[in-house]
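Just so you know, the sequences run in chain order A and B.
FYI, the numbering for the first sequence is 17 to 303, going by our numbering.
FYI, the numbering for the second sequence is -7 to 139, going by our numbering.
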Amino acid sequence: MKEFIIALLVIIIAPLLGGLLSGLDRVISARMQSRVGPPLMQPFYDLLKLLGKEPLAANRRQVTWALAYLFLIAASLVLFCLGGDLLIIVFTMAFAAVCFILGGFSAKSPYSHIGSQRELLQMLAYEPVLILLAVGLHLQNGSFMVGELFHQTRPLLASLPLVFIALLIILTIKMRKSPFDLSTSHHGHQELVKGITTEYSGPFLALIEITHWYELVLVLGLVAMFWTSPLWAGLVLAFMAFFLELVIDNICARLTWDFMLKFTWSIGLALCLINLGWILARGRGVM
Amino acid sequence: MGMINKSRIKSPWLLHYDGSSCNGCDIEVLACLTPVYDVERFGIINTGNPKHADILLITGGVNRRAARVVRNLYEQMPHPKVVVAVGACACSGGIFHDCYNMLGGIEKVIPVDVYVPGCAARPESIIDGVVQALNVLESKTGKEAAV
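Here's what the structure looks like:
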């Protein structure tokens, strides 16, 4: 019963929090560009407007995949907040991303096809790091369970500092920020129109928008996981990571997928492997 | 319905299309996005995607080749939507009105809701035109609800 209430609270509160964060994102980005920027509640206005638009879908499959994307991301967030298995959470997120990609592929538009292909490449870039993060969690705690972290006094950041840096790189990809906002972007029109979300409109785009809010909360949760005792320190850490991403977004140009893949597979993976090797070599923390 | 109507006015996403303009008005439209005018204050985003747009902003008159594109863009936009013709050419054909390939203003192809005069239209008047378009958007949704 307690778990059910927590799940319900997560489902209701997470999009509100995600929407506020993306509103804050737009205000802070505008101030960094010496603009006034939209009101803080702008993402909610956008969402309500999209819900009120005429429902025009390219086909039914597209809508099904968008719904699957929403449910799977929400499910992985609920699992995460219930202190579930990180490996399962990572795999659910991957399945959700695949649904998003298939949604992009299901419309006959070159823009959404290129966007989907780039999203696939993004998955290829971040997925190994996320799995190594789960491995690192297991090496440290002897369990994949996120809930187990609350029984530890030593923060995860102390034993996995390099994996944390790799996660920050991944965060740029997951939050769709420059230099890695390849598949779709928050900003104006680009060579891809809107990439993978080009063919979604009105209420269906609103679904994608809500899913992105859930996803934002989830990836920031992954950051907060690095400092669970006390929990507020983790939340501060997550907010600092969020702010760092905004700074990076505003000082970077968009780069190619080629660079992204090389960067994450060389530096990102190297950071993770050195960190995990170090833990193994030290021989401590392994149950 | 009240909340959604209110949100519509606070979140107009633009689609900017250049019919056959001399680029003067286009540059003024883009100037609206710069820190000096900063239309994102009003929640305006330049989308570049008809499927996401609420307001179709057209600069320049329509020639025979662009007519098909303008009609296509307009049809791809989901309801409710409004059209703003920016600049003298978009309003009436302007100095190009009697060219052999010109059809005239945007109204020759799709229904226009707001006309923004000027050659080139100033950023202030473009923003004013968009804000007036929002009133049209509101009245349009009101009518739809009544029907």
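Each residue gets a CB set at the ideal place from its N, CA and C atoms; glycine is no exception.
Fair warning: this is a prediction, and the values are worked out from it, not measured in the lab.
Looking at C-alpha atoms only, which residue of B:R57, B:F34, B:G52, B:K43 is the closest neighbour of V108 (chain B)? Closest option to V108 (chain B), Cα to Cα, is B:G52.
With a threshold of 8 Å between beta carbons, is L262 (chain A) in contact with chain B? The beta carbon of L262 (chain A) sits no closer than 8 Å to any beta carbon of chain B.
For K124 (chain A), is the classification buried or exposed, using 16 other Cβ atoms within 10 angstroms of its Cβ as the cut-off for buried? The residue in question, K124 (chain A), is exposed, as its Cβ has fewer than 16 Cβ neighbours within 10 Å.
Return the bridge partner residues of V239 (chain A) from the DSSP annotation. None; V239 (chain A) has no bridge partner.
Proximal chain A residues relative to I(-4) (chain B), where beta-carbon distance stays under 8 Å: Neighbours of I(-4) (chain B) on chain A, chain order: L64, K65, L67, G68.
Could you compute how far the alpha carbon of A23 (chain B) sits from the alpha carbon of F180 (chain A)? Each residue's Cα considered, the two are about 41 Å apart.
What residues in the segment 85 to 103 of chain B bring their beta carbon closer than 9 Å to a beta carbon of chain A? Residues: none.
DSSP three-state call for M303 (chain A): helix, strand or coil? With a pLDDT of 45 at M303 (chain A), under the threshold of 50, the predicted position of this residue should be treated as unreliable, though the coordinate-derived value follows. Coil, per DSSP.
Rounded to whole angstroms, what is the Cα-Cα separation between G97 (chain B) and G250 (chain A)? Each residue's alpha carbon lies about 59 Å from the other.
Just reading off the beta strand (DSSP E) that A77 (chain B) is part of, what are its end residues? In the DSSP annotation of this structure, the continuous segment of the beta strand (DSSP E) that includes A77 (chain B) starts and ends at 74 to 78.
Straight-line gap, N291 (chain A) to L155 (chain A) (C-alpha atoms, nearest Å): Cα to Cα, N291 (chain A) sits roughly 11 Å from L155 (chain A).
As assigned by DSSP and simplified to three states, the class of H89 (chain B): In the structure shown, H89 (chain B) sits in coil (DSSP, three-state: anything other than H, G, I, E or B).
For a test of the three-state rule: what should DSSP assign to N157 (chain A), helix, strand or coil? Of the three classes helix, strand and coil, the one that applies to N157 (chain A) here is helix, per DSSP.
Between the CA atoms of T272 (chain A) and T244 (chain A) - distance to the nearest angstrom: Rounded to the nearest angstrom, the two C-alpha atoms are 36 Å apart.
Tell me the DSSP secondary structure of G41 (chain A) in three-state form. Position check: residue 41 (chain A) holds Asp in this sequence, whereas Gly was assumed. Here DSSP, grouped into helix, strand and coil, assigns D41 (chain A) to helix.
A137 (chain B) in three-state terms, based on DSSP: Reliability of the predicted coordinates at A137 (chain B) is poor, the pLDDT of 45 falling under 50, and the value obtained from them is presented with this limitation in mind. Looking at A137 (chain B) - three-state DSSP - the assignment turns out to be helix.
With T51 (chain B) as the anchor, note down where its beta strand (DSSP E) starts and where it stops. 47 to 51 is the extent of the beta strand (DSSP E) around T51 (chain B).
Separation of P126 (chain A) from S12 (chain B), as counted between CA atoms: Taking the straight line joining both Cα atoms gives about 25 Å.
Can you check whether the C-beta of A123 (chain A) is within less than 8 Å of a C-beta belonging to chain B? False, the Cβ-Cβ gap to chain B never drops below 8 Å.
Cα-Cα, which of A:I130, A:Q49, A:L148 is closest to I212 (chain A)? Closest option to I212 (chain A), Cα to Cα, is A:I130.
Mind checking which residues open and close the alpha helix (DSSP H) that includes G306 (chain A)? No information on residue 306 (chain A) is available, as it lies outside the stretch 17 to 303 that chain A covers here.
Does any C-beta atom of chain A lie closer than 8 Å to the C-beta of S13 (chain B)? Using beta-carbon distances, S13 (chain B) does not count as an interface residue toward chain A, since no partner is under 8 Å.
I'd like to know if G35 (chain B) contacts chain A, where contact means its C-beta is closer than 8 Å to some C-beta of that chain. Yes - at least one Cβ of chain A is within 8 Å of the one on G35 (chain B).
Would you call the CB atoms of I224 (chain A) and A113 (chain A) closer than 8 Å? Going by C-beta atoms, I224 (chain A) is not nearer than 8 Å to A113 (chain A).
Does the distance from the CB of Q133 (chain A) to the CB of F196 (chain A) come in under 8 Å? In this structure, F196 (chain A) does not lie closer than 8 Å to Q133 (chain A) by Cβ.
Nearest-angstrom Cβ-Cβ length linking T188 (chain A) and I295 (chain A), presumed shorter than 8 Å: Separation of the CB atoms of T188 (chain A) and I295 (chain A) is rounded to 25 Å, and the pair is thereby denied contact status at 8 Å.
Please check if any C-beta of chain A sits within less than 8 Å of the C-beta of D10 (chain B). Judged by the 8 Å Cβ criterion, D10 (chain B) is not in contact with chain A.
Residue closest to K193 (chain A), alpha-carbon to alpha-carbon, out of A:A182, A:E261, A:Q49, A:T227: Distances from the alpha-carbon of K193 (chain A) to those of A:A182, A:E261, A:Q49, A:T227 put A:E261 closest.
Chain-order list of residues whose beta-carbon lies under 8 Å from that of K2 (chain B) (same chain, five-residue window excluded): Within the same chain, Cβ atoms closer than 8 Å to the Cβ of K2 (chain B) are found at F34, G35, the five residues on either side in sequence being excluded.
CA-CA distance, N(-3) (chain B) and T133 (chain B)? In this model, N(-3) (chain B) and T133 (chain B) are separated by some 8 Å (Cα to Cα).
Chain A contact residues for E32 (chain B), given Cβ-Cβ distances below 9 Å: Neighbours of E32 (chain B) in chain A, taken as residues at a C-beta separation under 9 Å, are given in chain order as R42, A46, R51, V52, G53, P54, Q58.
Have a look at H8 (chain B) and N93 (chain B) and give me their C-alpha separation to the nearest angstrom. Rounded to whole angstroms, the separation of the alpha carbons of N93 (chain B) and H8 (chain B) is 22 Å.
L247 (chain A), buried or exposed, once every other Cβ within 10 Å from all chains shown has been counted against 16: L247 (chain A) counts as exposed, since fewer than 16 other C-beta atoms from the protein chains shown sit within 10 angstroms of its C-beta.
Using a C-beta cutoff of 8 Å, does L221 (chain A) count as contacting chain B? True, the Cβ-Cβ gap to chain B drops below 8 Å.
N41 (chain B) CB to nearest chain A CB: under 8 Å? Yes, because at least one Cβ of chain A sits closer than 8 Å to the Cβ of N41 (chain B).
Taking the beta carbon of F20 (chain A) as the centre, do at least 16 other beta carbons fall within 10 Å, making it buried, or is it exposed? Residue environment for F20 (chain A): exposed (fewer than 16 other C-beta atoms within 10 angstroms of its C-beta).
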